[in-house]
Amino acid sequence: MKCGFFELDITPALGSIIPGGFGARYSKSVLDRLFARAVVFDNGKNTLALAVVDACGITLDITERIGDRAELLTGIKSENIMVMATHAHGAGPTLNWGEEVVTAEHYLRNLVEKTADAISCAYDRAEECDMLLGKEKINDISFVRVYKMKDGTLKTNPDRSHPESIFEPCAEIDPELFVLAAKKGDEYVGGVINFATHPATIATNETTGDYISVLSREMKKIFGQQFVTVFINGACGDINHINPFDENTYKNPYKAYTHVGKTIAEKSVEALKNAKIVDDNTLLSMTSSVEVRFRKPSKERLMWAKEVFDGLGDELIVSTPSNPNYFNTFFALQTFLIQADKRTKRSIHLQLFRVGKCYIFGNPCQMFVNFGKKIKKSCGDTCFISDFANDYAGYVPTPECMVEGVYEATLAPTSALEADAGDIVTDELIRMYKALNRH
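The numbering of the sequence shown is this note's numbering, which starts it at 9 and goes up by one.
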């Protein structure tokens with residue numbers, strides 16, 4: 009099989025908005041350059057391209073623009089092109105969120121062009137390679153962030169200064185790390201790495217790709233500057249780097265960012281030491297979509313939002329993200345906006361690649377970890393699960409976590425899908441897997 013990798017810089021200008029919080033952060037310096045990284049697989053009959061951008065998220069129109077340009081440059085059919093975001097919380101202005109966080113069209117144009125160009129350059133560099141698949145487990149850098157409390161409630165990221173109030177996590181992490189690497193002769197040229205945890209270790213005014221930037225640098229140190237790391241973030245909607253039972257865990261965000269990135273790199277190297285050659289040159293792709301319904305505010309939620317606004321009175325206009333009491337204002341505003349939205353449902357675009365015996369599940373939802381495990385249980389142990397693929401559909405909690413106190417379930421444009429959304433999406437991905445295997 010032929011395989012090619014390439015990466016291009018997509019670092020935004022200083023002063024750009026950084027998504028990832030309730031309010032706008034403006035980049036004052038660059039901790040890490042951001043990249044669009046691409047890999048192309050070609051078996052002589054079919055060609056697949058996967059691109060991953062350092063971004064908090066991308067929307068379907070961005071993906072379509074990238075696909076159109078990449079198809080023009082390479083001839084690869086747009087349906088054989090998958091684009092993902094890493095979900096880095098220190099990246100460029102690619103999403104609209106709340107009152108202050110907005111996209112920048114000039115940056116989006118650059119991202120579209122550079123990502124398509126990275127695909128084209130990877131296509132031009134594709135050479136016969138040995139493909140190797142390795143697997144490891146990491147148990148100590150990711151933690152479930154939704155917990156059952158001893159008072160019977162559920163809470164996201166509970167107060168670490170009072171661990172005695174926490175009963176147990178609502179799920180278990182997915183410790184699996186997969187590496188699909190290309191080797192030409194004695195030299196590794198790049199690898200696709202899949203692991204699930206939030207890239208939200210750093211929330212400053214620095215542009216950063218979070219721990220993925222550390223991972224990329226470490227892999228280059230080990231395998232050479234030509235090595236390109238294409239990182240697929242797994243089902244991490246309820247997974248981050250914070251251990252609530254350790255008050256001192258990662259008080260220094262730079263320590264967290266470095267430790268997570270280096271650990272994934274070290275385990276990736278271990279996975280490659282025991283990797284097996286992929287002797288199957290099959291390349292297949294499939295797309296599909298499902299309709300899921302939006303939740304609407306309950307009468308009680310609407311009354312709560314009105315009480316928040318009424319309680320602020322003339323101070324409402326100055327209740328902004330810089331105000332420490334803004335949390336309730338934000339969600340009250342989102343409640344009214346969702347109620348006024350005439351839409352009742354939306355399409356969820358899904359995509360599946362088969363590369364040899366590896367399956368890459370492209371899903372735009374920020375799914376909770378148990379949905380990723382559901383796919384793996386049904387589809388085998390060579391499943392690369394992706395959130396943030398081709399679009400951004402927001403959080404998808406498990407039904408039991410769709411309650412008050414769970415941040416990911418609090419009604420907002422990025423957490424507005426029905427409680428059944430996760431099962432609808434995963435069931436369709438499993439159906440696609442079975443259909444693809446009938447070819």
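For every residue, glycine included, the Cβ atom is placed at its ideal position computed from N, Cα and C.
Using CA atoms only, rank isn't needed, just tell me which of Ser-423, Tyr-262, Asp-125, Asp-287 is closest to Phe-43. One-based indexing of the sequence shown puts residue 43 at position 35. When only C-alpha atoms are compared, the closest one is Asp-125.
Is it true that the CB of Phe-203 sits closer than 8 Å to the CB of Ile-285? For this step, residue 285 is matched to residue 277 along the sequence shown. For this step, residue 203 is matched to residue 195 along the sequence shown. Result no, Cβ atoms of Ile-285 and Phe-203 do not sit closer than 8 Å.
Within 10 angstroms of its Cβ, does Pro-166 collect 16 or more other Cβ (buried), or is it exposed? Position 158 of the sequence shown, counted from the start, is the residue given in the question as residue 166. Pro-166 should be labelled buried.
Phe-339 lies in the alpha helix (DSSP H); which residues open and close that run? One-based indexing of the sequence shown puts residue 339 at position 331. Start and end: 334-348.
Unbroken stretches of the beta strand (DSSP E), 3 residues or longer, contained in the region 192-228: Listed in chain order, the complete beta strand (DSSP E) runs (minimum 3 residues) inside the region 192-228 are 195-203.
Taking contact to mean at least 3 C-beta pairs separated by less than 8 Å, is the region 21-34 in contact with the region 85-105? yes
Distance, Met-410 Cα to Lys-456 Cα: The question about residue 456 has no answer, for the chain in this structure spans 9 to 447.
Going straight from the alpha carbon of Leu-162 to that of Gly-242, what length do you get? The residue given as residue 162 occupies position 154 in the sequence shown. The residue given as residue 242 occupies position 234 in the sequence shown. Those two C-alpha atoms are separated by around 23 Å.
So is Pro-405 buried or exposed if we call it buried at 16+ other beta carbons inside 10 Å? The residue labelled residue 405 in the question sits at position 397 within the sequence shown. Classification of Pro-405: buried, given that the 10 Å Cβ count is 16 or more.
Check each candidate in Lys-156, Glu-184, Gly-198 and name the one with the smallest Cα separation from Pro-171. Numbered from 1 along the sequence shown, position 163 holds the residue referred to as residue 171. Closest by alpha carbon: Lys-156.
Use the C-beta contact count for Glu-184: other C-beta atoms within 10 angstroms, 16 or more gives buried, fewer gives exposed. In the sequence shown, the residue the question calls residue 184 occupies position 176. Buried, since its Cβ has 16 or more Cβ neighbours within 10 Å.
Can we say the region 267-282 touches the region 339-351, given the rule of at least three CB pairs closer than 8 Å? no
Taking a contact to mean a Cβ-Cβ separation below 8 Å, would you say Cys-11 touches Val-48 in this structure? Locating residue 11 in the sequence shown gives position 3, counting from the first residue. Locating residue 48 in the sequence shown gives position 40, counting from the first residue. The Cβ atoms of Cys-11 and Val-48 sit closer than 8 Å to each other.
Would you kindly work out how many angstroms separate the C-alpha atoms of Arg-439 and Lys-382, rounded to a whole number? What you label residue 439 is simply residue 431 of the sequence shown in a count that begins at 1. What you label residue 382 is simply residue 374 of the sequence shown in a count that begins at 1. One C-alpha to the other measures close to 13 Å.
Please report the distance separating the alpha-carbon of Asp-428 from that of Glu-308. In the sequence shown, the residue the question calls residue 428 occupies position 420. In the sequence shown, the residue the question calls residue 308 occupies position 300. Rounded to whole angstroms, Asp-428 to Glu-308 spans 22 Å at the Cα level.
Using a Cβ-Cβ cutoff of less than 7 Å, which residues in the same chain neighbour Glu-108 once the five nearest sequence positions on both sides are dropped? In the sequence shown, the residue the question calls residue 108 occupies position 100. Correct list, in chain order: Gly-31, Ala-32, Pro-329.
Could you give the first and the last residue of the continuous alpha helix (DSSP H) run that contains Lys-281? As a working note, residue 281 is residue 273 in the sequence shown. Element bounds for Lys-281: 261-281.
Could you spell out where the alpha helix (DSSP H) holding Val-316 opens and where it closes? In the sequence shown, the residue the question calls residue 316 occupies position 308. Run containing Val-316: 307-320, per the alpha helix (DSSP H) assignment.
Can you name, in chain order, every residue of its own chain whose Cβ lies under 7 Å from the Cβ of Cys-391, other than the five neighbours on each side? The residue given as residue 391 occupies position 383 in the sequence shown. Tyr-367, Phe-369, Ile-383, Lys-384, listed in sequence order.
Would the beta-carbon of Leu-337 fall within 8 Å of that of Leu-320? As a working note, residue 337 is residue 329 in the sequence shown. As a working note, residue 320 is residue 312 in the sequence shown. Inspection of the sequence shows that residue 337 is occupied by Thr rather than by Leu. Cβ atoms of Thr-337 and Leu-320: closer than 8 Å.
Would Gln-347 be called buried (16 or more neighbouring beta carbons within 10 Å of its own) or exposed? Position 339 of the sequence shown, counted from the first residue, corresponds to residue 347. Burial call: exposed.
Decide if the region 349-363 is in contact with the region 218-234; the criterion is three or more beta carbon pairs, one per stretch, under 8 Å apart. no
For Phe-361, report the span of its beta strand (DSSP E) as first-last. Here residue 361 corresponds to residue number 353 of the sequence shown, with the count starting at 1. That run of the beta strand (DSSP E) goes 353-363.
Reducing DSSP to helix, strand and coil, say where Arg-33 ends up. Within the sequence shown, residue 33 is the residue found at index 25, counting from 1. Arg-33: strand per DSSP, three-state reduction.
Distance, Gly-217 Cα to Asp-95 Cα: Looking up residue 95 in the sequence shown gives position 87. Looking up residue 217 in the sequence shown gives position 209. For clarity, residue 95 is His in the given sequence; the question names Asp instead. Their backbone Cα atoms lie some 9 Å apart in a straight line.
Taking the continuous beta strand (DSSP E) assigned at Glu-299, which residues delimit it? As a first step, residue 299 is located in the sequence shown; it is residue number 291 there, counting from the start. Where Glu-299 is concerned, the enclosing beta strand (DSSP E) stretches over 291-301.
For Gly-83, count neighbouring Cβ atoms within 10 angstroms of its own Cβ and tell me buried if that reaches 16, exposed if not. Position 75 of the sequence shown holds residue 83. Result: exposed.
Can you check the region 362-412 for any beta strand (DSSP E) of at least 3 residues that lies completely inside it and give the ranges in chain order? 366-370, 373-375, 391-394, 402-404
Return the first residue and the last residue of the beta strand (DSSP E) that Lys-156 is part of. The sequence position of residue 156 within the sequence shown is 148, counting from 1. Bounds of the beta strand (DSSP E) holding Lys-156 are 154-157.
Go through its chain and collect everything with a Cβ distance to Lys-228's Cβ below 7 Å, but skip five positions before and after it. Stepping through the sequence shown from its first residue, residue 228 is reached at position 220. Within its own chain, the residues whose Cβ lies closer than 7 Å to the Cβ of Lys-228, once the five positions on either side in sequence are excluded, are Phe-235, listed in chain order.
Could you tell me the boundaries of the alpha helix (DSSP H) in which Arg-45 lies? Residue 45 sits at position 37 when you count from the first residue of the sequence shown. Looking at the DSSP string, Arg-45 is not in any alpha helix (DSSP H); the run it does join, the beta strand (DSSP E), is 43-50.
Determine the direct distance from the alpha carbon of His-267 to that of Asn-333, and round the result to whole angstroms. For this step, residue 333 is matched to residue 325 along the sequence shown. For this step, residue 267 is matched to residue 259 along the sequence shown. Those two C-alpha atoms are separated by around 33 Å.
Lys-85: which of Ala-63, Ala-57, Gln-359 sits nearest, CA to CA? The sequence position of residue 85 within the sequence shown is 77, counting from 1. Checking every option, the nearest Cα to that of Lys-85 belongs to Ala-57.
Using CA coordinates, which residue listed in Val-91, Ala-63, Asn-54, Gly-52 is at the minimum distance from Thr-71? Taking the first residue of the sequence shown as position 1, residue 71 is located at position 63. Check the Cα spacing between Thr-71 and each of Val-91, Ala-63, Asn-54, Gly-52: the tightest is with Val-91.
Report the residue from Arg-73, Arg-45, Tyr-262 whose alpha carbon sits nearest the alpha carbon of Ser-93. Walking along the sequence shown from the start, residue 93 turns up at place 85. The sequence given here has Ala at residue 93, not Ser. The option with the nearest alpha carbon to Ala-93 is Arg-45.
Within this structure, are the beta carbons of Ser-37 and Pro-20 separated by less than 8 Å? What you label residue 37 is simply residue 29 of the sequence shown in a count that begins at 1. What you label residue 20 is simply residue 12 of the sequence shown in a count that begins at 1. No, Cβ-Cβ distance for Ser-37 and Pro-20 is not below 8 Å.
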